[in-house]
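Residue numbers (mature numbering (1 follows the signal peptide of the UniProt record, and there is no 0)): -19 to -1, 1 to 280.
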């Protein structure tokens, strides 16, 4: 068996340091292959949340791997910062931009990490006449704190902390949903009386989808399609018994087959919508709307 040349030791140490930083950079790009949107959960969601938290965009104390309103708000902020499509969905474009941003942060960190590795290599070159066993001792000593940290037993506090963080996140998500919903209701009630205008999406006149999109935009939710039937393909489905103020209610077979009308639920079985007589309040039990109710979504 050939003896290891002492001249090769510095190069081996440098190679180990480089391999470690390269693997770290590659790991930061793993966001999975699926679309990440509301109610999605898993390790890919957890990775997105951690990276957004690292960028100071995910403002909640804990991450839970569940894509809720707080995660969506953070993604929307990131998309706006990057100048890409703002839809609150983590698709290929958003993943690529997030990957590029995180790789940039990792590269800066790697540059700082490689400097100590070079400093470690210099003493090895100066001590090339010493036995290889002595040159290896500092490396063994450096590894001891890592072993000690791994061997330390986990405490009950460490196990319970993620549970508490998840509870805090869920409470914050519910509070944010309530805030968005109430904001939509307040704006909807203020807009009652604005005239109907086909294709309208301003206070000079609204059609049904233009009115709802305007209310959502006021709450920072953008990037949705213009047509009521297409809007129905987004958001989180809500059972009628679980309707909350601010949910978007949809109706079918009004002036054409399929989803063709929508409004904003305000509570007490009532909703505000842009109808033929302008922005108005109606009941879900109305003889016209009751049989045409198609479902509801939460954004």
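Backbone N, C-alpha and C fix where the C-beta goes; we use that ideal spot for every residue, glycine too.
Within its own chain, the residues whose Cβ lies closer than 8 Å to the Cβ of residue 239, once the five positions on either side in sequence are excluded, are 210 and 233, listed in chain order. Within the DSSP bridge table, the entry for residue 259 names 256 as partners. Residue pairing by DSSP places residue 231 opposite 243 and 276 in a beta bridge. Ranked by Cα distance from residue 173, the options 263, 225 and 202 are led by 263. Under the three-state reduction of DSSP output, residue 181 falls in the coil class, being neither helix nor strand.
For residue 186, the secondary structure class from DSSP, reduced to helix, strand or coil, is strand. Cβ neighbours of residue 21 within its own chain (closer than 7 Å, five residues either side excluded): 48.
In the three-state reduction of the DSSP assignment, residue 61 falls in the helix class, which pools H, G and I. The shortest C-alpha to C-alpha distance from residue 222 to any of 277, 41, 44 and 160 is the one to 277.
Put simply, of 54, 50, 83 and 31 the residue whose alpha carbon is nearest the alpha carbon of residue 43 is 31. Sequence-distant Cβ neighbours of residue 76 in its own chain, meaning closer than 7 Å and more than five residues away, are 12.
With fewer than 16 other CB atoms across the displayed protein chains lying within 10 angstroms of its CB, residue 237 is exposed.
In this structure, the alpha-carbon of residue 241 lies about 6 Å from that of residue 235.
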